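Each remark here refers to the structure printed beneath this line.
In UniProt numbering, the protein residues as written are 1 to 106.
Pasting the structure below:
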């Protein structure tokens, strides 16, 4: 049994499917906001099935990171593929966002 302290949800996982770019960013932004509004202790965005992202998506992820931090939670980006990880590295957001398995991209 999992118990949340003070009624807080311990974790929410959002699985991104497809590219997080262009016309999909707005819809995913709403999904991420709804998840963070639930005030979980940890919001995990699983990027394993996300082949690419753009700068608009990075802006959204940084916003969600700030929201989670303000509410006392954490944002974790899980299993980004090589192209996504490379963009995180080039944009230097890998130094701000918590990326699971983040090493230097190939």
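Glycine residues also receive a C-beta, built at the ideal position from the N, C-alpha and C atoms.
For clarity, every value in this text was computed on a predicted model and none was experimentally measured.
Collapsed DSSP secondary structure at residue i in the structure displayed
i, result
"residue 88", "helix"
"residue 59", "helix"
"residue 25", "helix"
"residue 8", "coil"
Residue i vs residue j beta-carbon contact at 8 Å
i, j, result
"residue 12", "residue 35", "yes"
"residue 58", "residue 29", "no"
"residue 88", "residue 82", "no"
Nearest residue (CA-CA) to residue i, options the options
i, options, result
"residue 43", "57, 65 and 87", "65"
Paired residues, beta bridge with residue i - DSSP
i, result
"residue 144", "No answer is possible for residue 144: it lies beyond the span of the chain, which begins at 1 and ends at 106."
"residue 100", "Bridge partners of residue 100: none, in fact."
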